[in-house]
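Novice:
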Amino acid sequence: MKILLAYSLSGFASYLHRLLSGFIPDAFWLMVTEMVITGVCLLVFLILLAFFLGYMERKVAAFMEIRFGPNRVGPKGTLQIVADTVKLLFKEGLTPDLSDKFLFNLAPGIIVISAMLAVAPIAFAKGFQIWDINIGVLYISSVSSIAVIGILMAGWSSSNKYSIIGAMRAGAQIVSYELSVGLSLISIVVLSGSLSLNDIVESQANGWWILKGHIPVLISFVIFVVASTAEINRAPFDLVEADQELTGGFNTEYGGMKFAMFLMSEYINLFVVSAVAATLFLGGWMPFHIGNFTAFNHIMDYIPSSIWFFGKTLFIIFIIMQFRWTFPRLRIDQLLNLEWKYLLPISMINVLLVTLMAIMGWHF
Amino acid sequence: MNSSTVIFYILAALILGGGIMAVTARKIFRSAIYLLFSLIGIAALYFWMNIEFIAAVQIVVYVGGIVVLIIFSIFLTHDSGGEMPEPNLTRALFAAFATCFACALTILYISKQAFIATQNVTIEPNVKNIGRQMLSTTDHGFMLPFEVVSMLLLAALVGSIVIALKTKPSPSNLPEGDALEAEKK
Numbered sequence: 008m009k010i011l012l013a014y015s016l017s018g019f020a021s022y023l024h025r026l027l028s029g030f031i032p033d034a035f036w037l038m039v040t041e042m043v044i045t046g047v048c049l050l051v052f053l054i055l056l057a058f059f060l061g062y063m064e065r066k067v068a069a070f071m072e073i074r075f076g077p078n079r080v081g082p083k084g085t086l087q088i089v090a091d092t093v094k095l096l097f098k099e100g101l102t103p104d105l106s107d108k109f110l111f112n113l114a115p116g117i118i119v120i121s122a123m124l125a126v127a128p129i130a131f132a133k134g135f136q137i138w139d140i141n142i143g144v145l146y147i148s149s150v151s152s153i154a155v156i157g158i159l160m161a162g163w164s165s166s167n168k169y170s171i172i173g174a175m176r177a178g179a180q181i182v183s184y185e186l187s188v189g190l191s192l193i194s195i196v197v198l199s200g201s202l203s204l205n206d207i208v209e210s211q212a213n214g215w216w217i218l219k220g221h222i223p224v225l226i227s228f229v230i231f232v233v234a235s236t237a238e239i240n241r242a243p244f245d246l247v248e249a250d251q252e253l254t255g256g257f258n259t260e261y262g263g264m265k266f267a268m269f270l271m272s273e274y275i276n277l278f279v280v281s282a283v284a285a286t287l288f289l290g291g292w293m294p295f296h297i298g299n300f301t302a303f304n305h306i307m308d309y310i311p312s313s314i315w316f317f318g319k320t321l322f323i324i325f326i327i328m329q330f331r332w333t334f335p336r337l338r339i340d341q342l343l344n345l346e347w348k349y350l351l352p353i354s355m356i357n358v359l360l361v362t363l364m365a366i367m368g369w370h371f
Numbered sequence: 007m008n009s010s011t012v013i014f015y016i017l018a019a020l021i022l023g024g025g026i027m028a029v030t031a032r033k034i035f036r037s038a039i040y041l042l043f044s045l046i047g048i049a050a051l052y053f054w055m056n057i058e059f060i061a062a063v064q065i066v067v068y069v070g071g072i073v074v075l076i077i078f079s080i081f082l083t084h085d086s087g088g089e090m091p092e093p094n095l096t097r098a099l100f101a102a103f104a105t106c107f108a109c110a111l112t113i114l115y116i117s118k119q120a121f122i123a124t125q126n127v128t129i130e131p132n133v134k135n136i137g138r139q140m141l142s143t144t145d146h147g148f149m150l151p152f153e154v155v156s157m158l159l160l161a162a163l164v165g166s167i168v169i170a171l172k173t174k175p176s177p178s179n180l181p182e183g184d185a186l187e188a189e190k191k
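Going down the list, the protein sequences come from chains B and E. With positions in the first sequence counted from 1, the corresponding number in the working numbering is that position plus 7. With positions in the second sequence counted from 1, the corresponding number in the working numbering is that position plus 6.
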């Protein structure tokens, strides 16, 4: 277990805390300094993550279509996304004349902030978490619901009728798919008996919920992945931002770094959704344990918890990315039908099943 | 003045500033956004008081629900982009009077109220305790109001479904041309 802790960065975090408290005696300023350090680290991590996911998106696309993908800029095309960012940096930050300038410039900020707030309670490794809040699941789902307002704001302030219609479609899509996401999260909350992400991970020490919870949890996992793919506007539910469709407000009038902020928030959301799925259904940083096989469990413990977490998260990100090249895009009516006529009733009945299972103790 | 007080005043400024801007903004959509800031400020105040559950519910219900609903209805109404006309003087005057009197009344009552610490055992406001209180049938349980509220919600849901329900157009209450078309079908 000592090795495991060393890799999980919690030792480094407490070392930093001790070091700083030597320099700064006042508790308040110590807290402020640590908050600033955490914020900067988070920002750098998320920007690098967005770079990486942008590259991964292209490589997965190429892999699915049996082609090479980016391979000219840098070794194996790894610098392609840097080149793209530099290109976006040099573009003019245009604000349309007739737009509501204050809201037009505020909207990308709101979307990025709501995406970044949702990262706070995620446990990256054993004992390594920014904010151990006791209502983690509820907090993530509540904070990410602010993003709708950012999209609606972006669509409205562009003062472009297609943007407004696109924004309303995006809003309707996000608001309706939030229900299924919430219900599938509730099924795990019912089983583990807590809203805290740490407790949920701890409850999976003897097996992940997707293995322990039989078919109902499997159903809610599938519903979660489908509904959250729709919630973050990725293909096949990407009529918000697809080239052939009415665009979701921000693709029409935004350019330069403001557009890059929308892209970045999309990748952060992808990461948050996958991290939540990995934490709730696949055990988060918890290694793969089988019942009482102590020898096997012990070997698994030697793999650092952060590698478990990021491995699971990247696996789910890969699944969501390959959806884009697997399924045809839905029309707006098909999209709303899928949610209101299929996913929502199924997940409601599923929650009842899971509750019954939790009360009777049928899970392992 | 310690750090907690400073944070409280920042939050209070956010809430009050958002509220004032929401009332005085001339564009209806901007009012909705300022209202959003005010409501987020209230959620932050709950976080400041360490009652995370209520704070998250505040964000879910007011920010994710009500403000989105308001924005949707603004989008669907006619001419949402234009500036609203200036209110006429008498209306502004009387609104100012009403606000001042309400404010004065609240201040009066708050200054008269002696705040005494509760004698009851404080319950930690985590989800488990809230759930137990909500569903307990004992003396200080909230089972009855909880069920009454759920009945109210159910009634509201049924009502909204009835309003949104598509009824088949009967030929008698349609205008002339549409009635003919309906008969053809």
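Where is the CB? At the ideal position from N, CA and C, for every residue including glycine. Small disclaimer: the values here were computed from a predicted structure and weren't measured.
When you compare only the Cα positions, how much space is there between K172 (chain E) and K348 (chain B)?
Specialist: Going by the C-alpha atoms only, they are around 16 Å apart.
Novice: So, is K168 (chain B) buried or exposed, given that buried needs 16 or more other C-beta atoms within 10 angstroms?
Specialist: Burial call: exposed.
Novice: For the putative contact between I117 (chain B) and M160 (chain B), defined by C-beta atoms under 8 Å, what is the C-beta separation to the nearest angstrom?
Specialist: Contact flag correct, Cβ pair sits at about 7 Å.
Novice: Kindly list, in the order they appear in chain E, the residues whose Cβ is closer than 7 Å to that of F35 (chain B).
Specialist: The answer, in chain order, is S9.
Novice: In chain B, which residues lie with their C-beta within 7 Å of the C-beta of A62 (chain E)?
Specialist: Here the neighbours are I142, L145, Y146 and S149.
Novice: For I222 (chain B), would you say it is in contact with chain E, using Cβ-to-Cβ distances shorter than 9 Å as the test?
Specialist: Not closer than 9 Å to any Cβ of chain E, the Cβ of I222 (chain B) fails to qualify, so no.
Novice: Residues of the region 41 to 72 of chain E in Cβ contact with chain B at a cutoff of 7 Å, in chain order, please.
Specialist: Per Cβ criterion, the list reads L42, E58, F59, A62, I65, V66, V69 and G70.
Novice: Can you pull the chain B residues whose beta carbon is under 8 Å from the beta carbon of R36 (chain E), in chain order?
Specialist: Here the neighbours are D107, F109 and L110.
Novice: For Q136 (chain B), which residues does DSSP report across the bridge?
Specialist: B:A130, per the DSSP bridge assignment.
Novice: Skipping 5 residues on each side, what residues in its chain have a beta carbon closer than 8 Å to that of M149 (chain E)?
Specialist: Excluding positions up to five away in sequence, the list reads M140, L141, S142 and T143.
Novice: Work out the CA separation of I21 (chain E) and M307 (chain B) for me, nearest whole Å.
Specialist: Approximately 50 Å between the Cα atoms of the pair.
Novice: Apart from the five residues just before and just after F59 (chain B), which ones in its own chain have a Cβ nearer than 7 Å to its Cβ?
Specialist: Answer for F59 (chain B): no residue qualifies.
Novice: Quick one: is F81 (chain E) near chain B, going by C-beta distance under 9 Å?
Specialist: Judged by the 9 Å Cβ criterion, F81 (chain E) is in contact with chain B.
Novice: Under 9 Å, Cβ to Cβ, is there at least one residue of chain B near V133 (chain E)?
Specialist: Closer than 9 Å to some Cβ of chain B, the Cβ of V133 (chain E) qualifies, so yes.
Novice: Pairing CB atoms from the region 60 to 80 of chain E with CB atoms from the region 146 to 156 of chain B, are three or more of them under 8 Å?
Specialist: Enough Cβ pairs lie closer than 8 Å, so yes.
Novice: In the structure shown, what three-state DSSP assignment does A104 (chain E) receive?
Specialist: It is helical.
Novice: Alpha carbon to alpha carbon, what distance is there between V80 (chain B) and Q329 (chain B)?
Specialist: Those two C-alpha atoms are separated by around 24 Å.
Novice: Drop a sphere of 10 angstroms on the beta-carbon of Q87 (chain B), count the other beta-carbons inside from all chains shown, and report buried for 16 or more, exposed for fewer.
Specialist: So Q87 (chain B) counts as buried.
Novice: According to the Cβ coordinates, are E260 (chain B) and F111 (chain B) closer than 9 Å?
Specialist: Yes; because the gap between Cβ atoms is below 9 Å, this pair is in contact.
Novice: At what residues does the alpha helix (DSSP H) containing T45 (chain B) begin and finish?
Specialist: Segment A34 to M71, the alpha helix (DSSP H) holding T45 (chain B).
Novice: Quick one: what's got a C-beta closer than 8 Å to A57 (chain B)'s C-beta in the same chain, skipping five residues either side?
Specialist: Counting only Cβ-Cβ distances below 8 Å, and skipping sequence neighbours, we find L270, M271, Y274 and I275.
Novice: Taking P93 (chain E) as the reference, give the member of E:V168, E:A161 and E:V29 with the closest Cα.
Specialist: Closest by alpha carbon: E:V29.
Novice: Please name the residue, chosen from E:L160, E:K134 and E:V155, that lies closest to G200 (chain B) on a Cα-to-Cα basis.
Specialist: Answer by Cα proximity: E:K134.
Novice: Note down, in chain order, each residue of its chain lying with its Cβ closer than 6 Å to the Cβ of G61 (chain B), except the 5 sequence neighbours on either side.
Specialist: Counting only Cβ-Cβ distances below 6 Å, and skipping sequence neighbours, we find I88.
Novice: Starting from W54 (chain E), trace the alpha helix (DSSP H) in both directions and tell me its first and last residue.
Specialist: Unbroken alpha helix (DSSP H) run through W54 (chain E): I34 to W54.
Novice: Just to confirm, is the Cβ distance from I207 (chain B) to V197 (chain B) under 9 Å?
Specialist: Cβ distance not < 9 Å, so I207 (chain B) and V197 (chain B) don't count as in contact.
Novice: Step through the CB atoms of chain B and report whether any lies within less than 9 Å of the CB of K172 (chain E).
Specialist: It does not: the Cβ of K172 (chain E) has no partner Cβ on chain B nearer than 9 Å.
Novice: Taking contact to mean 3 or more Cβ pairs, one atom from each stretch, closer than 8 Å, check whether the region 230 to 246 of chain B and the region 276 to 289 of chain B are in contact.
Specialist: With the cut-off at 8 Å, the region 230 to 246 of chain B and the region 276 to 289 of chain B touch.
Novice: Output, in sequence order along the chain, the residues in the region 177 to 202 of chain B whose CB is closer than 7 Å to any CB in chain E.
Specialist: Those would be G178, V182 and L202, in chain order.
Novice: When you compare only the Cα positions, how much space is there between M157 (chain E) and S166 (chain E)?
Specialist: Taking the straight line joining both Cα atoms gives about 14 Å.
Novice: From B:C48, B:I44 and B:A68, pick the residue whose C-alpha is nearest to that of T333 (chain B); which is it?
Specialist: It is B:A68 whose Cα lies nearest to the Cα of T333 (chain B).
Novice: Taking all protein chains shown into account, decide if I230 (chain B) is buried (16 or more other Cβ within 10 angstroms of its Cβ) or exposed.
Specialist: So I230 (chain B) ends up on the buried side.
Novice: So V283 (chain B) contacts chain E; which residues on that side make the cut at Cβ distance below 7 Å?
Specialist: Per Cβ cutoff of 7 Å: no residues; V283 (chain B) is ~15 Å from chain E at best.
Novice: If the cut is a Cβ gap below 7 Å, which residues of chain E does M160 (chain B) touch?
Specialist: By Cβ distance, chain E contributes I39.
Novice: Rounded to whole angstroms, what is the Cα-Cα separation between P91 (chain E) and I129 (chain B)?
Specialist: Going by the C-alpha atoms only, they are around 48 Å apart.
Novice: Starting from the C-beta of V279 (chain B), find all residues in its chain whose C-beta is less than 8 Å away, skip the five residues before and the five after it, and write them out in chain order.
Specialist: Only A122, A125, V126, I129, I147 and S151 meet the Cβ criterion.
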